[in-house]
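Comments concern the structure below.
There are 2 protein chains.
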Amino acid sequence: MEVINRYIAIKTHVDGAPEESDFELKTSPIALSLAPASNEVIVKNLYVSIDPYQINRMKSYSSSQKNSEFAVGIVPGEAIDTYGVGKVVASGNPEFEKGDIVGGLVSWGEYSVIKPGGMLNKLNPMGFPLSYHVGVLAFSGLTAYAGFFEICKPKKGEKVFVSAASGSVGNLVGQYAKLFGCYVVGCAGSQDKVAFLKEKLGFDDAFNYKEAKDLKSTLKRYFPDGIDIYFDNVGGEMQEAAVDNMNINGRVAVCGVISEYTDDEKRAAPSMMDVIYKRIKIQGFLAGDYLNKFADFFTTTCDHLRTGDIKPLEDISEGVESIPSAFISLFRGQNVGKKMVKIAEE
Amino acid sequence: MEVINRYIAIKTHVDGAPEESDFELKTSPIALSLAPASNEVIVKNLYVSIDPYQINRMKSYSSSQKNSEFAVGIVPGEAIDTYGVGKVVASGNPEFEKGDIVGGLVSWGEYSVIKPGGMLNKLNPMGFPLSYHVGVLAFSGLTAYAGFFEICKPKKGEKVFVSAASGSVGNLVGQYAKLFGCYVVGCAGSQDKVAFLKEKLGFDDAFNYKEAKDLKSTLKRYFPDGIDIYFDNVGGEMQEAAVDNMNINGRVAVCGVISEYTDDEKRAAPSMMDVIYKRIKIQGFLAGDYLNKFADFFTTTCDHLRTGDIKPLEDISEGVESIPSAFISLFRGQNVGKKMVKIAEE
């Protein structure tokens, strides 16, 4: 059987903030059966992840493209790979059979063809919705877990600041930090998000950074005793203000710098005097380096989800054609929680 | 017996680059004997250390002043404490007696009175000149040793870049790194210094940063395979260029940022995109946190000095009145190696 696969591509490289006009919905016929000798797997995509870092892959040049296997440049006109969850339609690989639910590197489209060696794993939903396996139980969750526990190495009672705290990773960092026994303040870009962080997710406090006249004094008000850990999802001035308010032996986990993604000139220039005298560590990381922690992370997080101690925060658009607007929304601060697109019903 | 103690003070706070007119030579009578009940120690200073970080203590305000016990603000008109080596003239403290050679927190002057609890230790010169105990065998050495081994955690064969490589700490970092089996390139501010690093100290290569048109491409030329470790003594653009040329899992030890000391606006703004994708760690440190490594450092370094594997690099001025010009020379790049002032013959 042959169907028409619809997928999203970029028309040309995207070097600034992304716009609808940068994307196109393309179609190509795809056979839903395999030649007898094939060892590929055909997956019908169900949920695909929408992540800010993809913008770095869309640029005509970014040093990131050569430094991570997950950040290789995207070719205009071609399918864009992404983490996602789907169902096996046909398999030439003995590890998979038709009907298996899988998670792996699929594409921003309706179907994906996974070649041997491609990232693909059978998925046991563990009784949770499949969407959890794209967000809270997948890379967003692992990023928060590894970044907080492995990079920040928290101690109970420490003061934690999280930027983009209602984002896919930030909301989980805050929840893990609260469960661990830290004092947690988040910032976000609207009063609704701020209320949500405080009332639903149990943050000790939160503020709308767009209403802050001066970030340094704002942070001083929220952290009269200083910041021990800053989980940085935004970079820029917020990082500078956090370093300014940091305590001795403070740690900055640099997870994302969305302010730099679309404007390379907009850099953080934290005081290196503070870095020295306060013995601050600023460390970048990628979740992909912590796959050895995945089992710990997964078991712990499943337990917290069952008890209700962690609340998954999802922002789901529907249909392959909504991928561009879903992606663009990330750069406009319009998402609340993990952004993903539901491509099809199981 | 009473003598006139001559010492150096600042006239007012110093908020830019230091000038001769910022300092004054003061005098005050000092008794070289103690009252019977006194538990103080009077030290005749022999060598005093001249360090760039003192500028941060001279400012009217610097956040550094509240974050380290060694960085408390200096009061205009009063004696300025510093590390140094001297000889006990009189002691009310049973741990010391007249004639003891000691190292500790003395002052930029001819005599120091050390109160109980003040930093003071008996010194065994181990057959080395006393000046070694102000530089290579004291805090400059410990800073290089702890910064390189504890913060950078080097592996054999790694590529190491050191800025201000002919400075008190930089020259030792390069020498330790070479002995450890790393590839080492240093930068300095004159052709003479560059030649010295290559010919006398065994650096694999070195360059004059003042002749570099573009720091990023210069570093790319010296490190075609990238930088694994950057030992940062200067901050600013050099740090940005080093991060740009850094390999995955690169480490930046931030030891000093002399470019920021006299101009707070002159900040380093390394690409946080690089920090993330290359998983770079930027870490500030103070040698005072590594006193538990002092015995290791001291024994190892004494051995290297005896075999000639480490060459001490000293820049010694003479006489208390030369302290201001010695200090100012640090900010003009005029020193080669550890700057100190010899106050008196033993």
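Residue numbers (my numbering), protein chains in the order written: chain B, 1 to 346; chain L, 1001 to 1346. Backbone N, C-alpha and C fix where the C-beta goes; we use that ideal spot for every residue, glycine too. Just so it is clear, the structure is predicted and the values come from calculations on it, not from any experiment.
- Here L:ILE1316 is bridged, per DSSP, to L:MET1340.
- DSSP links L:ASP1232 through a beta bridge to L:VAL1254.
- With a threshold of 8 Å between beta carbons, L:ASN1208 makes no contact with chain B.
- In the DSSP assignment, B:PRO270 falls outside any beta strand (DSSP E), carrying neither H nor E.
- Going by beta carbons, B:VAL85 and B:LYS98 fall outside the 8 Å limit.
- Counting along the chain, B:VAL89 sits inside the beta strand (DSSP E) bounded by residues 81-91.
- Where B:TYR132 is concerned, there is no enclosing alpha helix (DSSP H), because DSSP gives it neither an H nor an E.
- Not a single C-beta of chain L is nearer than 8 Å to the C-beta of B:ASP100.
- In the structure shown, B:LYS278 falls within a coil segment according to DSSP collapsed to helix, strand and coil.
- Using a 10 angstroms sphere on the CB of B:ILE280, the tally of other CB atoms reaches 16 or more, which defines it as buried.
- If you compare the alpha carbons of B:ARG332, B:TRP108, B:VAL14 with that of B:ASP22, the shortest gap goes to B:VAL14.
- In this chain, the beta strand (DSSP E) harbouring B:PRO29 covers 23-31.
- Boundaries for B:VAL14: no beta strand (DSSP E) harbours it, and the DSSP string shows neither H nor E there.
- In the structure shown, the three-state DSSP call for B:ASP205 is strand.
- Rounded to the nearest angstrom, the gap between the Cα atoms of L:LEU1032 and L:GLN1054 is 28 Å.
- In this structure, the CA atom of B:LEU219 is about 7 Å from the CA atom of B:ALA242.
- In this structure, L:ASP1315 lies near L:VAL1336, with their beta-carbon atoms less than 8 Å apart.
- Residues of the stretch 272-284 of chain B with a C-beta atom less than 8 Å from some C-beta of chain L are MET272, MET273, ASP274, VAL275, ILE276, TYR277, LYS278, ARG279, ILE280, LYS281, ILE282, GLN283, GLY284, listed in chain order.
- Sorting L:GLN1175, L:LYS1342, L:ILE1328, L:GLN1334 by C-alpha distance to the C-alpha of L:GLY1141 places L:GLN1175 at the top.
- Nearest Cα to L:ILE1004 within the set L:ILE1030, L:ILE1282, L:GLY1016, L:GLU1020: L:ILE1030.
- B:SER325: member of the alpha helix (DSSP H) spanning 323-331, first to last residue.
- Bridge partners of B:MET246 according to DSSP: B:ILE227.
- Within the stretch 1058-1070 of chain L, the residues whose Cβ lies closer than 9 Å to any Cβ of chain B are, in chain order, SER1062, SER1063, SER1064, GLN1065, LYS1066, ASN1067, SER1068.
- One finds nothing in chain L with a Cβ atom closer than 8 Å to the Cβ of B:ASN292; even the nearest lies about 15 Å away.
- The stretch 36-51 of chain B and the stretch 110-117 of chain B touch, with three or more beta-carbon pairs separated by less than 8 Å.
- Annotation: the continuous beta strand (DSSP E) that includes B:CYS187 extends over 183-188.
- By a beta-carbon distance limit of 8 Å, B:MET273 contacts L:SER1063. Their separation comes to about 7 Å.
- By the neighbour-count definition (other C-beta atoms within 10 Å, threshold 16), L:THR1027 is an exposed residue.
- By the C-beta criterion, the stretch 1115-1123 of chain L is judged not to be in contact with the stretch 1259-1278 of chain L, since fewer than 3 inter-stretch pairs fall below 8 Å.
- The shortest CA-to-CA distance from B:TYR7 to any of B:THR300, B:ASP289, B:ASN171, B:VAL320 is the one to B:VAL320.
- If you look at L:LYS1122, you'll find it in the beta strand (DSSP E) that goes 1120-1122.
- Distances from the CA of L:LYS1216 to each of L:VAL1275, L:PRO1270, L:ARG1251, L:LEU1286 were compared; the closest alpha carbon is that of L:PRO1270.
- Cβ contact annotation for B:ALA17 (same chain, cutoff 6 Å, sequence separation greater than five): THR262, PHE331, in chain order.
- Cα atoms of L:LYS1193 and L:TYR1209: separation of roughly 11 Å, rounded to the nearest angstrom.
- ASP1244, ILE1248, VAL1254, CYS1255, GLY1256, VAL1257, GLU1260, TYR1261, ASP1264, ARG1267, ALA1268, ALA1269, PRO1270, SER1271, MET1272: these are the residues of the stretch 1244-1272 of chain L whose beta carbon lies less than 8 Å from some beta carbon of chain B, given in chain order.
- When Cβ-Cβ separations below 8 Å define contact, L:ASN1056 makes contact with chain B.
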